[in-house]
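Participant: Position one of the sequence shown corresponds to residue 1 (full-length UniProt numbering), numbered consecutively onward.
In this text, a Cβ means the ideal position worked out from N, Cα and C, and glycines have one as well.
Note that the coordinates shown come from a computational prediction; the quantities given were computed from them, not determined experimentally.
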Amino acid sequence: MCMQQLKVFFAFLLIHFWLSHYTVAQVTYVVNSVEDHDDLDLADKTCADQFGNCTLRAAIQNANKTKEKDRIIFKLDGDGPFVFDLKKNLPKIISPLEIDGTSQNGYALDQVQIILSGKNVKSAIDFNLSPNSWANGIQLMEGSSGSAIKGLCIIGFEGLGIRILNSNDNVITSSFIGVHPLIHSETSGNISGISIDGSDNTIGGYSSFERNIISGHESTGITIRRSGNRIIGNFIGTDPKGEISLANRFGIQLDPSARSNFLIDNLISGNLEDGIRISFSRDKNFIYSNKIGTNYKGNKALPNKTGIMLWNNLQAHVGSYEKGNLISGNDIGIHLIPTSNQAELLNQLKANYIGVDIKGTLALPNRIGILIECSGNVVGSIEENGRNLISGNLEAGIVIRNGSLNIIQGNFIGTDKTGKYAIPNGHGVIFETSKKELATTENILRDNLISGNMYNGVILQEDIKDNMLFKNKIGLSKDGQSSLPNGLRGVLMNSDALNCIEENEGLEN
C-alpha cells in the first residue's frame with residue numbers, strides 16, 4: 001500500500017469515526033470562567049458554580065451525568081492565553097465528550113488559548129501507586145469512548161497530561177502537552193505526556209492544524225499499551241517549529257501488550273534516550289515516514305540518544321515501500337537487542353534514509369547507523385523501492401554483533417541515493433562478537449552496494465564464521481562500471497574461520 005493510499009485509508013477511518021461518534025452534541029456547555037469551582041447544583045440542568053459561572057470543572061461534572069455525547073466550548077472575555085490554575089484533579093470523564101479549546105477567540109495554529117496548569121494539584125508522587133493517586137490533566141475513562149480533546153495546553157502535572165484508560169476511538173489534536181504556547185524555549189512538562197491504555201485512538205493527524213506538540217516531560221511523551229492506535233503528524237521532543245530540543249526522556253514507548261499500532265509522519269527528535277522504544281511486543285507495529293533525530297526540514301541534527309530501540313521485539317515494520325523514515329543525527333540510528341534466548345525476531349527495516357539528510361545527498365550522521373545484537377531480522381529488500389540508504393555514519397553503517405540469521409540485502413551503504421557519489425560511513429558493515437559464547441554466524445549480506453566508505457567496506461572480526469557475502473558491489477558505483485572505492489579494503493577478514501564470499505564485484509579497493 002503506497003503512502004497516498006495509506007493516507008486515504010486513514011482519512012476514511014477518521015470520517016467513519018466522526019460519523020459514528022461525533023453526532024450532534026446532546027448539550028453544549030460554554031465555559032466562561034477560569035475559576036476552579038464545582039457546579040453548585042448537579043440536579044438542575046445548568047452549568048453554574050456558586051457565582052453563576054460555568055467553569056471547566058462544572059462543565060465536566062454536568063457532562064458526566066448522561067451517556068450522550070456532549071461538547072464543551074470556551075467563551076472567555078479578554079486577551080488570552082487563559083490559565084486554568086487547578087487545585088485538584090478535574091473529574092474523570094466517563095461519558096463521550098468533546099472539549100474544544102479551538103473555540104476560544106484568538107486561537108490559531110501554535111497559539112493555543114486554553115492552558116490547564118497542574119502546578120498546584122497535589123500528587124501522591126509515588127509511582128508505585130496507581131495513577132489514580134497522581135495529579136493528572138485530562139482523564140478519559142471507561143464509558144468515554146468516542147471523545148475528542150483539541151486545542152488545549154496541559155502543563156505542570158505531577159502525573160500524566162492525558163490519561164486514556166479502557167477508552168477507545170478517541171481523538172487528541174491541536175494541543176500542547178508539556179510546552180507553554182508562548183514560551184517555546186521553556187517547558188512546564190508533566191511527568192509523562194499521554195498514556196494510552198485503550199484501542200483505536202488517534203493522536204494528531206495529517207494536517208498541521210491537527211498536530212500536537214508533546215515535549216518537555218520527565219519521563220515519556222507517549223506510552224501505548226493496547227492495539228490499533230495511530231500516532232500521526234506530531235512533534236515529540238521539540239518546540240512547535242521543530243527546530244529546538246524540548247526533551248522528553250523517551251519520545252514514544254510501546255509496552256509488551258502494544259500491537260498493530262501505527263506511528264506515521266511524526267517528528268521525533270531531541271529526546272534524552274530513545275526516540276521510539278518498543279519492548280517485548282509480540283506482534284507487528286508499524287513505523288512509517290517519520291523524521292527521527294533531525295529537525296522538521298530534515299537538514300539538521302536534533303538528536304535522540306537512540307533513534308529507534310527494538311528490545312526483544314517481534315515483527316516491527318520500520319519503513320516500507322514509499323514509506324521510509326529519515327533516521328539521522330542520533331548516537332545510534334536503530335538498535336535491535338535481544339533477551340538471552342536469541343530468538344528470531346523477524347523485524348523488517350526497509351526504505352529508510354539512515355545517516356543522511358532528507359534529500360539523500362548530504363551526510364547527517366548517526367554514530368552507528370544500525371546496530372543489530374539479535375537474530376532473524378531483515379534489513380533492506382532486493383526490490384529497489386525497499387532499499388535503505390545507509391551512509392554518512394561516523395563509525396559504521398551497520399554493525400552485527402552476536403547476531404545470527406540476519407539478512408542485509410539490496411542497500412546502498414556509503415553512497416548517495418543515486419549510487420554514483422560517496423557519502424562515507426567510517427566502515428560499511430562490521431561483523432563482530434563481544435562474547436565467545438555468542439556467535440555472529442549465518443548472516444547473509446547480499447546484493448548491496450558497499451562503496452565510498454572512509455575505511456573498509458566490510459570487516460569480519462575475529463571468531464566470525466559461517467556468514468555469507470555474495471552478489472555485492474564493493475568499491476564500485478551502482479552501474480558497476482565506475483570505481484567508487486572504499487578507503488582501505490573492500491573486505492577485511494580478521495578471522496581464520498570459514499565464511500562464504502563469492503560472486504561479489506570490485507573487491508579490490
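By the three-class DSSP mapping on this structure, what secondary structure does residue 409 have?
Facilitator: If DSSP states are grouped into helix, strand and coil, residue 409 belongs with the strands.
Participant: For residue 263, which of helix, strand or coil comes out of DSSP?
Facilitator: The answer is strand: DSSP assigns residue 263 an E or B state.
Participant: When DSSP labels each residue in this structure, what does residue 354 get in the three-state scheme?
Facilitator: If DSSP states are grouped into helix, strand and coil, residue 354 belongs with the strands.
Participant: Which residues in the same chain have their Cβ closer than 6 Å to the Cβ of residue 20, if we skip the five residues on either side of it in sequence?
Facilitator: Because residue 20 carries a pLDDT of 47, less than 50, the predicted location of this residue cannot be relied on, and no value is offered for it.
Participant: Looking at residue 390 and residue 397, is the spacing between their C-beta atoms short of 7 Å?
Facilitator: Result yes, Cβ atoms of residue 397 and residue 390 sit closer than 7 Å.
Participant: Enumerated in chain order, which unbroken segments of the alpha helix (DSSP H) with a length of 4 residues or greater are wholly contained in the region 42-81?
Facilitator: You should have 56-63.
Participant: Would residue 496 be called buried (16 or more neighbouring beta carbons within 10 Å of its own) or exposed?
Facilitator: Counting Cβ neighbours within 10 Å, residue 496 comes out exposed, since fewer than 16 surround it.
Participant: Roughly how many whole angstroms lie between the Cα atoms of residue 506 and residue 423?
Facilitator: In a straight line, the C-alpha of residue 506 is about 18 Å away from that of residue 423.
Participant: Mind reading off the beta-carbon distance from residue 214 to residue 164? Whole number of angstroms is fine, and I expect it under 8 Å.
Facilitator: Going by Cβ atoms, the distance from residue 214 to residue 164 rounds to 14 Å, so no, they are not a contact pair.
Participant: Report back the beta-carbon spacing between residue 511 and residue 160 to the nearest angstrom; my notes put them in contact at under 8 Å.
Facilitator: With the chain covering only 1 through 509, there is no way to say anything about residue 511.
Participant: So for residue 103, helix, strand or coil by DSSP?
Facilitator: In this structure, residue 103 counts as helix in the three-state DSSP scheme.
Participant: Could you say which of 300, 109, 314 and 290 lies nearest to residue 307 if we only look at CA atoms?
Facilitator: Out of 300, 109, 314 and 290, 290 has the C-alpha closest to the C-alpha of residue 307.
Participant: Nearest by alpha-carbon distance to residue 472: which of 450, 220 and 278 is it?
Facilitator: Out of 450, 220 and 278, 450 has the C-alpha closest to the C-alpha of residue 472.
Participant: With DSSP as the reference, please indicate the residues paired to residue 537 in a beta bridge.
Facilitator: The question about residue 537 has no answer here: the residues shown for the chain are numbered 1 through 509.
Participant: On the three-state DSSP scale, how would you describe residue 383?
Facilitator: Note: residue 383 maps to coil in three-state DSSP.
Participant: Assign residue 44 to one of two classes, buried (16 or more other C-beta atoms within 10 Å of its C-beta) or exposed (fewer than that).
Facilitator: Answer is exposed; the Cβ neighbour count stays below 16.
Participant: Taking the continuous beta strand (DSSP E) assigned at residue 112, which residues delimit it?
Facilitator: No beta strand (DSSP E) holds residue 112; DSSP gives it neither H nor E.
Participant: Which runs of the beta strand (DSSP E) spanning at least 3 residues fall entirely within the region 150-180, listed in chain order?
Facilitator: Within the region 150-180, the complete beta strand (DSSP E) runs of at least 3 residues are 152-155, 160-165 and 171-173.
Participant: Starting from residue 513 and walking both ways along the beta strand (DSSP E), at which residues does that stretch end?
Facilitator: Because the chain here runs from 1 to 509, residue 513 falls outside it and cannot be looked at.
Participant: Let me confirm a value: residue 432 is counted as buried when at least 16 other C-beta atoms fall within 10 Å, else exposed. Which label applies?
Facilitator: Result: buried.
Participant: Could you name the residues of the same chain whose beta carbon sits closer than 6 Å to that of residue 500, not counting the 5 residues immediately before and after it, in chain order?
Facilitator: Same-chain partners within the cutoff: 468.
Participant: Comparing the C-beta of residue 179 with each C-beta of chain D, is any distance below 7 Å?
Facilitator: The question asks about chain D, but that chain is absent: this structure has only one protein chain.
Participant: To the nearest angstrom, how far is it from the Cα of residue 96 to the Cα of residue 317?
Facilitator: Each residue's Cα considered, the two are about 33 Å apart.
Participant: By how many angstroms is the C-alpha of residue 69 removed from the C-alpha of residue 99?
Facilitator: Cα-Cα distance, rounded: 11 Å.
Participant: Can you give the Cα-Cα distance for residue 22 and residue 209, rounded to whole angstroms?
Facilitator: Low per-residue confidence applies at residue 22: pLDDT is 46, beneath 50, and the placement is therefore not dependable, though the value from the model is reported in the following sentence. Going from the Cα of residue 22 to the Cα of residue 209 covers about 19 Å.
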